[in-house]
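> One structure coming up, written as structure tokens, with questions to follow.
Chains as they are written, first to last, in this note's numbering: chain A, 1 to 592; chain B, 593 to 824.
Quick look at the structure:
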């Protein structure tokens, strides 16, 4: 390919959005409607983004089914986060939630309905009325296809707003100037390999999570932490990466997600002795305790020999008592998934499940306006000029140590919109494009062109990727300890060091997916390093990070956010415990 | 397990060809996508196809499998006759291997204005909709835009630019049937004429192949019925 950077195509936009899931599309819609010039770059056609796979729903205190208000939602989210979430961002999100849902409804999302014509809401884990009282029903659902319904409606609204899409373009790296301003990104068209420099006054990363870090995952193959990798290479640390959510009910050994809504509708878990196991671990909330609690419970049952099946390596999710009508009406998607992948109809027989890698609580640090923030001297959170992040790739942090089910769709919509609103404001004061140094572009062009030459390295992308996923599964799973983590650090470091020897056979410029996978692996590797190092360092148990050698939460030493960067390794910053307007929720023992 | 896979890279191939692959130790219950990924990972990284969610929700991996369009990720290899013949979806240009150019398909999707139109002032809460009204959307809103249906439709093959095709018409129906939508008249009007909708000859290939079990032919019938009622 052409290495003459003067020949590289350049496009100029007010805002570049990387990623076309719910966060990116909510932001692009807001910006397009403000008549700004927006480019959305996505490595897949927008409706293939992983938001499409979200099932159970989106939390908002609409009080359509049970009494509710945003303050209770806030309490549940703070408690769910194991007091690592930033309470200003959580207050903002929970207050904004009802409006976010109504907006979606107005965009056309086909929510399920109640007899009175209002949006249907179901019970989900970790939800309570009145600050820890009775179970709440706060999750707005479109059957068990809520993500699909939302993503398609958002894409449709963007068609109406005539948003400019770069479908099937891969973003390689952010472009920065000496003063640290982010000026856009270098991308290439997957169809023909052509490189394009997209110059933008503001750039929003909305690239989703990194569930491909693990061997067994509910996540799509595209979830390779691309935005997180790009941020790290731009010198930005990743925050709280040790907090990775394992969903209690992935199909055992296969990984397909079975929504928490299945338990919200009345399903429950049983162990090999036929006991309702959650009664022992969460006497009150039982199967609707927080995900970290339920996942640990299942892992303990299996470890102590009370699993199901010939190898006693999973438990069962029982739904058959709900009746075929409820299952077909409320859970048609997971019913189909079980029939397709297991040959089991959950209306007749229980589903084998096991905790499965699901959600990246950590990510690119931002404030509640979506601005990416980094420590500069004595300031822990200094905005990076021109750079924003929202959704799973970001860490704002509303999920802290453990995300509540139904809060991720909410996160992407609220903060996709908030970031767009801040961008609109920023653009009023920053009207002109800054100059990108040719040397900056040249460096990335050379990186892309590396694969044009015949490569003779000894490593394959698939080989390293599979090794990495296996190591992460074995060394950074539901339960962790010093020995396992230290071995994990050494193994991930050694796999990462072999990246330079990667070669691929495909030298074509036409839809070269092997090349895309190589860049994805580079991103995944960065995220893996941040995750395993952060996990190794945190000597306490909080949320999804459970240490068998440090079994208690240690608020004195560890109620702080981890930051991991290539340049400085580990660093920490305080949790924002002060909400916007209400009293702070101080840390308490977490009982469900 | 034996596979015969359509290969074409316009940079080096004058014409498409079939390449044979063999996979050992294919476990029962293995989906076709998993088999293709193994071939790509273990034998040939140049084999190109789209994929993402791996569970039939994102619609990326539509392909022609032993002569029938379907999603590779939810097609079990156990049921497939060998050698498994895998080709790109028919009727649209091939970019490379199993990857087709879907521009025409998306263009037809956009042509039906696939978004809710409400002209009245919006309430501060949700627009009301009864469960019965909402039920009208079942079987319509679940489409994953995989293009299995439209690329199985002879009417779409002959007139991909004039006939909207089953996928786009299913979307049209999804908004026509939505009790909240206020563009009903215009939507029906826009579908008049000999091609856009009326090129559907109820061949029903779309119904046969839809991996989500949807019924575009029925949706087209519902639109026709509404057109008749409207013209009376």
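Positions of the beta carbon are idealized from the N, C-alpha and C atoms, including for glycine.
Alpha carbon to alpha carbon, what distance is there between residue 394 of chain A and residue 170 of chain A?
By 1-based counting over the first chain, the position of residue 170 of chain A is 170. By 1-based counting over the first chain, the position of residue 394 of chain A is 394. Residue 170 of chain A and residue 394 of chain A: Cα-Cα distance of roughly 19 angstroms.
> What do you get for residue 14 of chain A, buried or exposed, if any count of 16 or more other CB atoms within 10 angstroms of its CB means buried?
Counted from its first residue, the first chain places residue 14 of chain A at position 14. Buried, because 16 or more other Cβ atoms sit within 10 Å of the Cβ of residue 14 of chain A.
> Identify the continuous alpha helix (DSSP H) that holds residue 22 of chain A and give its terminal residues.
If you number the first chain from 1, residue 22 of chain A lands on position 22. Unbroken alpha helix (DSSP H) run through residue 22 of chain A: 22 to 33.
> For residue 643 of chain B, decide whether its Cβ has a neighbour in chain C, counting only Cβ atoms nearer than 8 angstroms.
In the structure shown, chain C cannot be found, because the protein chains are A and B.
> Between residue 118 of chain A and chain B, is there a C-beta pair that is closer than 8 angstroms?
On the first chain, residue 118 of chain A is found 118 positions in, with the first residue counted as 1. Yes, its Cβ sits closer than 8 angstroms to a Cβ of chain B.
> Does any residue of chain A have a CB that is nearer than 8 angstroms to the CB of residue 687 of chain B?
The count along the second chain starts at 1 and reaches residue 687 of chain B at position 95. By this cut-off, residue 687 of chain B is an interface position.
> Over what stretch of residues does the beta strand (DSSP E) that includes residue 140 of chain A continue unbroken?
Taking the first residue of the first chain as position 1, residue 140 of chain A is located at position 140. It spans 135 to 140 - the beta strand (DSSP E) in which residue 140 of chain A sits, taken as one unbroken run.
> Is it true that the segment 145 to 153 of chain A meets the segment 334 to 347 of chain A, where meeting means three or more beta-carbon pairs spaced less than 8 angstroms apart?
Too few Cβ pairs lie closer than 8 angstroms, so no.
> Taking all protein chains shown into account, do 16 or more other C-beta atoms lie within 10 angstroms of the C-beta of residue 199 of chain A, making it buried, or fewer, making it exposed?
Sequence index remark: in the first chain, residue 199 of chain A carries index 199 (1-based). Under this definition residue 199 of chain A is a buried residue.
> Does chain B have any CB closer than 8 angstroms to the CB of residue 1 of chain A?
What you label residue 1 of chain A is simply residue 1 of the first chain in a count that begins at 1. At residue 1 of chain A the pLDDT is 48, less than 50, meaning the model places this residue with poor confidence; the figure from the coordinates comes in the next sentence. Chain B contact via Cβ: absent.
> Starting from residue 234 of chain A, trace the alpha helix (DSSP H) in both directions and tell me its first and last residue.
For this step, residue 234 of chain A is matched to residue 234 along the first chain. First-last for residue 234 of chain A: undefined, no H or E at that position.
> Find out if the Cβ-Cβ distance for the pair residue 206 of chain A, residue 357 of chain A is shorter than 8 angstroms.
The residue you call residue 206 of chain A lines up with position 206 of the first chain. The residue you call residue 357 of chain A lines up with position 357 of the first chain. Contact: no.
> Residues bridged to residue 798 of chain B by DSSP?
Counting from 1 along the second chain, the entry for residue 798 of chain B is found at position 206. Paired residues: none, contrary to the question.
> Whole angstroms are fine: how far does the CA of residue 368 of chain A sit from the CA of residue 580 of chain A?
Locating residue 580 of chain A in the first chain gives position 580, counting from the first residue. Locating residue 368 of chain A in the first chain gives position 368, counting from the first residue. In a straight line, the C-alpha of residue 580 of chain A is about 11 angstroms away from that of residue 368 of chain A.
> With residue 11 of chain A as the anchor, note down where its beta strand (DSSP E) starts and where it stops.
For the purposes of this step, residue 11 of chain A is identified with residue 11 of the first chain, where counting begins at 1. Unbroken beta strand (DSSP E) run through residue 11 of chain A: 9 to 18.
> Are the Cβ atoms of residue 550 of chain A and residue 232 of chain A separated by less than 8 angstroms?
In the first chain, the residue the question calls residue 550 of chain A occupies position 550. In the first chain, the residue the question calls residue 232 of chain A occupies position 232. It is not a contact, given that the beta carbons lie outside the stated cut-off.
> Could you pull the start and end residues of the alpha helix (DSSP H) that residue 333 of chain A belongs to?
Looking up residue 333 of chain A in the first chain gives position 333. First-last of the alpha helix (DSSP H) with residue 333 of chain A: 332 to 342.
> Mapping the DSSP letters down to three states, classify residue 542 of chain A as helix, strand or coil.
Position 542 of the first chain, counted from the start, is the residue given in the question as residue 542 of chain A. Strand, per DSSP.
> With DSSP collapsed to three states, give me the class of residue 1 of chain A.
As a first step, residue 1 of chain A is located in the first chain; it is residue number 1 there, counting from the start. The predicted model places residue 1 of chain A with a pLDDT of 48, which falls under 50 and marks its position as unreliable; any figure quoted below should be read in that light. Three-state result, residue 1 of chain A: coil.
> By the 7 angstroms beta-carbon criterion, what residues does the segment 689 to 700 of chain B contribute toward chain A?
Cβ contacts with chain A come from 691.
> Residues of chain B with CB under 7 angstroms from residue 221 of chain A, in chain order?
As a first step, residue 221 of chain A is located in the first chain; it is residue number 221 there, counting from the start. Per Cβ cutoff of 7 angstroms: 643, 644, 646.
> Taking residue 633 of chain B as the query, report the chain A residues whose CB atoms sit under 9 angstroms from its CB, ordered along the chain.
Residue numbering aside, residue 633 of chain B sits at position 41 when the second chain is read from its first letter. Ordered by position in chain A, the residues that pass the 9 angstroms Cβ test against residue 633 of chain B are 460, 461, 462, 463, 465, 466.
> Taking only three categories from DSSP, how would you classify residue 599 of chain B?
Within the second chain, the letter at position 7 stands for residue 599 of chain B. Strand, per DSSP.
> Below 9 angstroms between beta carbons is the criterion; list the residues of the segment 741 to 765 of chain B that meet it against any residue of chain A, in chain order.
Result list: 763.
> What in chain B is Cβ-close to residue 105 of chain A, meaning under 8 angstroms?
Your numbering for residue 105 of chain A matches position 105 in the first chain. Here the neighbours are 718, 719.
> Sort A:280, A:449, A:24 by Cα distance to residue 293 of chain A and report the nearest one.
Locating residue 293 of chain A in the first chain gives position 293, where the first residue counts as 1. Cα-wise, what sits closest to residue 293 of chain A is A:280.
> In or out: residue 721 of chain B buried (at least 16 other Cβ within 10 Å) or exposed?
The sequence position of residue 721 of chain B within the second chain is 129, counting from 1. So residue 721 of chain B counts as buried.
> May I ask which residues mark the beginning and end of the beta strand (DSSP E) holding residue 187 of chain A?
On the first chain, residue 187 of chain A is found 187 positions in, with the first residue counted as 1. Taken as a continuous stretch (DSSP letters only), the beta strand (DSSP E) holding residue 187 of chain A covers 182 to 189.
> Are residue 331 of chain A and residue 261 of chain A touching if we call contact CB-CB under 8 angstroms?
As a first step, residue 331 of chain A must be located in the first chain, where it is residue number 331. As a first step, residue 261 of chain A must be located in the first chain, where it is residue number 261. Against a cut-off of 8 angstroms, the Cβ pair of residue 261 of chain A and residue 331 of chain A comes out as a contact.
> So within the segment 104 to 160 of chain A, which uninterrupted beta strand (DSSP E) runs reach at least 3 residues, ignoring any that extend past its ends?
You should have 121 to 128, 135 to 140.
> If we count the other Cβ atoms within 10 Å of its Cβ and call it buried at 16 or more, is residue 263 of chain A buried or exposed?
Taking the first chain and counting its residues from 1, the one referred to as residue 263 of chain A is at position 263. With 16 or more other Cβ atoms within 10 Å, it is buried.
> If we cut at 8 angstroms on Cβ distances, does residue 734 of chain B have a partner in chain A?
Here the question's residue 734 of chain B lines up with position 142 in the second chain. True, the Cβ-Cβ gap to chain A drops below 8 angstroms.
> Using a Cβ-Cβ cutoff of less than 7 angstroms, which residues in the same chain neighbour residue 518 of chain A once the five nearest sequence positions on both sides are dropped?
Counting from one through the first chain, the residue named residue 518 of chain A turns up at place 518. Excluding residues within five positions, the ones whose Cβ falls inside 7 angstroms are 451, 461, 502, 504.
> On the criterion of 16 or more Cβ atoms from any shown chain inside 10 Å, does residue 656 of chain B qualify as buried, or is it exposed?
Here residue 656 of chain B refers to the residue found at position 64 when the second chain is read from its first residue. Label assigned to residue 656 of chain B: buried.
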